[in-house]
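Taking it in order: structure first as structure tokens, then the write-up.
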Amino acid sequence: MGSGNWLRSFICLKKYKPNRSKQAKVVHVFCNDALIQHARVRHCISLIWSQTPSIQVHSSNEKSNGDERVEEHEGPEVAAAGSSQSSPGIAVEQRAAAKIQKAFRSYRARKAVRRLRDAGRFKNILIQGHTVKKQTSSTLSYLHSWCNVQSQIRARRICMVTEGRLKQKKMENQMKLEAKLHELEVEWCGGSETMEEILSRIQQ
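The numbers in full-length UniProt numbering rise by one with no breaks, and the one at position 84 of the sequence shown is 84.
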């Protein structure tokens, strides 16, 4: 049934009359629905045939000895539509595939660049961390040595102060002793005491 036949049959249908029976109404509605569905199906099939090339099934076996390729077509209309629309459809598919490949490659390139940046940043962070660790260790060693030097200087100062105090006390005691001896010597020279008495006084 061609496209002109169903259109002619659709136009030539008799109009609905109110005096018909219920069965005639049902048949008329069913016919109208069937024709509308048939028209929609044919329209969809024509659109599909116009957008897709002919389907060719190639079955080739390299291991077998001389198997031939078999091409299966859905029908003469499909073949005609495929031959007429094959080149634009293939071009559109190729353009779409090229766009998809380009987008995927750019995505992978961006991802690789991002990974390289992250790796460079991580490497810089590691290098900086190593240098900071070395600086902190050297600073701590310097602080430890400086604390040792300061403790030694403090101990030396304390020793010097104690030694100075001891020397000063010793000198004061010696000066006191010399002054006392001088006084006793003066008294002995001018007095009547014996040497034993004077020595006993000094020891006291």
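We put the beta carbon where it would ideally sit given N, CA and C, even for glycine.
Pairing F122 with R115, the inter-Cα distance amounts to about 10 Å. The C-alpha of R117 is placed about 14 Å away from the C-alpha of L126. Straight through space, the alpha carbons of E183 and Q174 are spaced by roughly 14 Å. A179 and M171 have their C-alpha atoms spaced approximately 12 Å apart. Looking at the backbone, the Cα of Q128 and that of Q135 are separated by about 10 Å.
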